[in-house]
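Position 189, counted from 1, in the sequence shown is what my numbering calls 222; the numbers after and before it change by one each time, with no gaps. First up is the structure itself, then whatever we jot down about it.
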Amino acid sequence: MTKNQKAMATIDETQQALATITNIPDCRKWLHISEGLVEATIKEYRAADLQGTKDDRDTSYRNAVKAGKLRLEIEARLGELIRLEQEAGRLATKKTGRPDKYNNDVIHTLKDYGLSLMDSSRAQKVYDYRYLIPRVVEEVVQSEKLPDRRDLEVMIRLEENKAAEQQKVQRPLPEGKYSILLIDPPWTPDFSPSSSRRVQRHYPTLTLDKLKEMEIPSAENAMLFLWTTAPMLKQALELMEAWGFEYRTNAVWDKEVIGTGYYF
């Protein structure tokens with residue numbers, strides 16, 4: 034049996050094992066085997082690339098790609114098993130600590146399995162993004178590269194960045210009328226023309242007349258919570274009346290910050 038044939042046999046054996054792994058210790062064992070398999074197949078490919086035939090190079094390259102894919106799939110399975118054990122209360126987390134038993138099951142820690150927090154985090158992330166594995170393998174083959182776990186890490190970061198950008202997209206404001214409204218108007222700060230101190234404006238503001246012209250989506254008998262500063266109380270009462278509301282009471286927000294404001 035040639036080295037390539039031995040590698041193929043080991044890959045097939047590991048692939049079959051992946052379908053039957055049901056616990057963390059076995060998964061760690063096969064993950065270790067798959068890591069060794071990746072190293073061995075890459076070494077064989079490099080040797081064939083130097084002095085082997087084209088068939089040898091092609092076969093050893095396919096074996097290296099298969100081994101790399103299998104390694105990621107086993108790590109994803111490890112992440113899944115860790116997640117399942119934590120959710121079942123059989124694997125301690127930072128929050129749970131380590132009681133001896135939970136629901137008559139012995140509780141283990143990551144350390145019991147020879148795993149670190151980083152191992153656990155990485156495996157669970159691979160599990161969460163396991164749908165990227167075929168795409169990574171496809172890009173590796175198209176680029177004629179050797180399998181590298183970092184390719185998946187790069188693709189995961191791209192996916193995370195994409196998700197973060199999508200969350201930044203502002204959702205359209207809902208339509209309809211509301212019975213409770215909380216409004217912080219873009220007041221135009223008032224100050225004395227002779228004052229040397231000016232208010233820094235961090236956003237566009239509107240004059241009181243413009244604010245009064247705004248259409249407020251208030252339902253019948255709606256309740257309005259209107260934010261204002263002490264110097265703008267008179268304008269706030271005017272605005273409230275213009276919007277069709279009647280003043281009832283007020284609350285003071287104590288920021289607990291030392292300051293004298295603009296008039297003291």
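No residue lacks a Cβ here, since even glycine has one placed at the ideal position from N, Cα and C. Just so you know, these numbers come straight off a predicted model, no measurement behind them.
Take residue i as the anchor and find which of the options has the nearest alpha-carbon.
i: R182; options: A156, E253, M247, Q200; result: A156
i: L148; options: A125, Y162, R163; result: A125
i: Y162; options: Y280, E274, K62, E108; result: E108
i: I216; options: P205, K62, P237, P250; result: P250
i: I57; options: A97, D152, G277; result: D152
i: R116; options: T142, K99, A97, V98; result: T142
i: H65; options: I44, K210, E177, L270; result: I44
i: P222; options: G85, K267, K195; result: K267
i: R281; options: L270, D287, G122; result: L270
i: T74; options: D59, A97, I140; result: A97
i: E193; options: K158, S176, W220; result: K158
i: M256; options: A275, E279, A263; result: E279
i: D242; options: P205, S176, Q119, W220; result: W220
Which first and last residues belong to the alpha helix (DSSP H) in which residue i is found?
i: A73; result: 57-84
i: M265; result: Neither: M265 is in no alpha helix (DSSP H) and is coded neither H nor E.
i: Y211; result: Not the alpha helix (DSSP H): Y211 falls in the beta strand (DSSP E), residues 211-216.
i: D242; result: 241-245
i: A125; result: A125 -> no alpha helix (DSSP H), and no H or E assigned at all.
i: R281; result: Where R281 is concerned, there is no enclosing alpha helix (DSSP H), given that its DSSP letter is neither H nor E.
i: D184; result: 182-201
According to DSSP, is residue i part of a helix, a strand, or is it coil?
i: S176; result: coil
i: M151; result: helix
i: L257; result: strand
i: P226; result: Note that P226 scores a pLDDT of 46, beneath 50, so its modelled location is shaky; the value from the coordinates is reported in the next line. Here P226 sits in coil by DSSP.
i: R231; result: For R231, the predicted model reports a pLDDT of 48, less than 50, meaning its position is unreliable and no value from the coordinates is stated.
i: K102; result: helix
Taking residue i as part of the beta strand (DSSP E), name the residues at either end of that continuous run.
i: I249; result: Careful: I249 lies outside any beta strand (DSSP E) and carries neither H nor E.
Classify residue i as buried or exposed, calling it buried when 16 or more other Cβ atoms lie within 10 Å of its own Cβ.
i: W260; result: exposed
i: G112; result: buried
i: P180; result: buried
i: A100; result: buried
i: W286; result: exposed
i: L272; result: buried
i: T240; result: exposed
i: P237; result: exposed
i: R190; result: exposed
i: E274; result: exposed
Kindly examine the ligand SAM and report whether one of its heavy atoms sits closer than 6 angstroms to the Cβ of residue i.
i: T43; result: This structure does not include the ligand SAM; it has no bound ligands of any sort.
From the beta carbon of residue i, is the nearest beta carbon of chain E less than 7 angstroms away?
i: I57; result: This model lacks chain E altogether, as it is built from one protein chain only.
ask   = Within the chosen definition, does the segment 52-60 reach the segment 77-95 through at least 3 CB pairs nearer than 8 angstroms?
value = no
query = Taking one C-beta from the segment 238-246 and one from the segment 188-202 each time, how about it: are there three or more such pairs within less than 8 angstroms?
reply = no
query = Below 8 angstroms, can you find three or more Cβ-Cβ pairs linking the segment 184-193 to the segment 158-175?
reply = yes
task = Check whether the segment 92-100 touches the segment 161-168, taking contact to mean three or more Cβ pairs, one atom from each stretch, closer than 8 angstroms.
result = no
ask   = Are there three or more Cβ pairs, one per stretch, closer than 8 angstroms when the segment 77-87 is compared with the segment 99-107?
value = no
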